[in-house]
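The opening position of the sequence shown corresponds to residue 1 in UniProt numbering, with each subsequent residue numbered one higher.
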Amino acid sequence: MRPLRVAVLLGSTRDGPPRPANLGRRVGKFLCGVLNARGHEVDVVDPVDEALPSLVKPYFAYAPGQAPPKLEKLNERLLNADAYVAVTPEYNHAPSPALLNTINHIGSSVMSYKPSLICSYSAGQWGGARAAVLLRPALSEMGCIPVSAMIHVPKAAEVFDEAGKCLEDHDEWAGYFDRGVSQLEWWGVAARNHKDVVDPFAASPALTTTPTQRNAPTSP
Ligand SMILES: Cc1cc2nc3c(=O)[nH]c(=O)nc-3n(C[C@H](O)[C@H](O)[C@H](O)COP(=O)(O)O)c2cc1C
Numbered sequence: 001m002r003p004l005r006v007a008v009l010l011g012s013t014r015d016g017p018p019r020p021a022n023l024g025r026r027v028g029k030f031l032c033g034v035l036n037a038r039g040h041e042v043d044v045v046d047p048v049d050e051a052l053p054s055l056v057k058p059y060f061a062y063a064p065g066q067a068p069p070k071l072e073k074l075n076e077r078l079l080n081a082d083a084y085v086a087v088t089p090e091y092n093h094a095p096s097p098a099l100l101n102t103i104n105h106i107g108s109s110v111m112s113y114k115p116s117l118i119c120s121y122s123a124g125q126w127g128g129a130r131a132a133v134l135l136r137p138a139l140s141e142m143g144c145i146p147v148s149a150m151i152h153v154p155k156a157a158e159v160f161d162e163a164g165k166c167l168e169d170h171d172e173w174a175g176y177f178d179r180g181v182s183q184l185e186w187w188g189v190a191a192r193n194h195k196d197v198v199d200p201f202a203a204s205p206a207l208t209t210t211p212t213q214r215n216a217p218t219s220p
C-alpha cells in the first residue's frame, strides 16, 4: 500500500494561562507517531505558524495567483493530502475557532471525497467530546467525511509530555489512537483508489459561483 499523505490540523493558538498552554501540540505529536508507525506521511498544519486572520477572504475568493503566498501554500498542502485529522481542544463546549478558521479559508472541493478523523482533548475529564461532536457537521459539510471512531483525550497534560511522549499506559493509548487511524487509513486508501476509477467532480461539480448552485429546483 502506498503511504497516505495525512494533514494533521491542530487547533490551539494559546500561549498563557490556564497552563500548560497548547496541549494540542502534545496530542498532535503522539498522533503523528501513530500515523508514522503505520507508514504514512504527515503534514502538520499549526495555526500558530499559519497566523491566518479571522476570515476576511477564503482562498477561493481570490483570483488565480492572487492569494497571499502562505494561503496559496496552505491550499496546496491540503489539496495534496489524502486524508485529514482534525485535532481540537474544547473551548466552552465548542471546537477551536482557530481550527474552524483554517477550514473556512479552504474551499470544500479541496478537502472533499477524502476522510477525516476527529481527535479532541481537554484539561478536564470529558476529553473534549462535546467539541468533537460539533466538529462532525462542519467536516461533513466540507465533504471530508469523519470516520466513526473518534479520539478523546481527557486530562491531556497528564497523558502526554511536551515531546508527545505518553506518560501513562502507553500501549493502551497507542491502541486507542490506532483504532481511529486504522479507520482513516481504510477510507483514505479506498477513496484514493476510487478516484482513479471515477472522477468525483464529474457528476457533482465544485461550486464555481455561489452556494445557490446547490439549491433544490423549488428554492426561491
Ligand atoms: C476559553 C477556554 C474555554 C475552555 N472551555 C473548556 C470546556 O468547555 N471544556 C473543557 O473540558 N475544558 C475547557 N477549557 C480548558 C481546556 O481544556 C484547556 O485549557 C486545554 O489546555 C485547551 O487546549 P490548548 O492548551 O491546546 O489550547 C477551556 C479553556 C479555555 C482557555
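We put the beta carbon where it would ideally sit given N, CA and C, even for glycine.
Source: prediction; values computed, not measured.
- According to the DSSP assignment, Glu-50 belongs to the alpha helix (DSSP H) that extends over 47-50.
- Neighbourhood of ligand 1, defined by CB distance below 6 Å to any of its heavy atoms: Ser-12, Arg-14, Pro-18, Ala-21, Asn-22, Leu-23, Gly-24, Pro-89, Glu-90, Tyr-91, Asn-92, His-93, Ser-122, Ala-123, Gly-124 and Trp-126, in chain order.
- With a cutoff of 8 Å on beta-carbon distance, Gly-164 and Arg-2 are scored as not near each other.
- Along the length of the UniProt domain "NADPH-dependent FMN reductase-like" (5-156), whole beta strand (DSSP E) runs at least 3 residues long occupy 5-9, 41-45, 83-89, 116-121 and 146-153, reported in chain order.
- Looking at the DSSP output, Phe-160 sits in a beta bridge with Cys-166.
- In the DSSP assignment, Ala-203 falls within the alpha helix (DSSP H) that extends over 200-203.
- Burial of Glu-50 is indicated by the presence of at least 16 other C-beta atoms within 10 angstroms of its C-beta.
- Excluding five sequence positions before and after Val-34, the CB atoms of its chain that fall closer than 8 Å to its own CB belong to Ala-174, Phe-177, Asp-178 and Val-181, given in chain order.
- Ranking Arg-14, Arg-5, Pro-17 and Leu-23 by CA distance to the CA of Glu-162 puts Leu-23 first.
- One thing to note: Val-159 has its Cβ no nearer than 8 Å to the Cβ of Cys-119.
- With fewer than 16 other Cβ atoms inside 10 Å of its own Cβ, Phe-201 counts as exposed.
- The residues Val-147 and Ala-149, in chain order, have a CB closer than 6 Å to that of Gln-183 in the same chain once the five nearest residues on each side in sequence are set aside.
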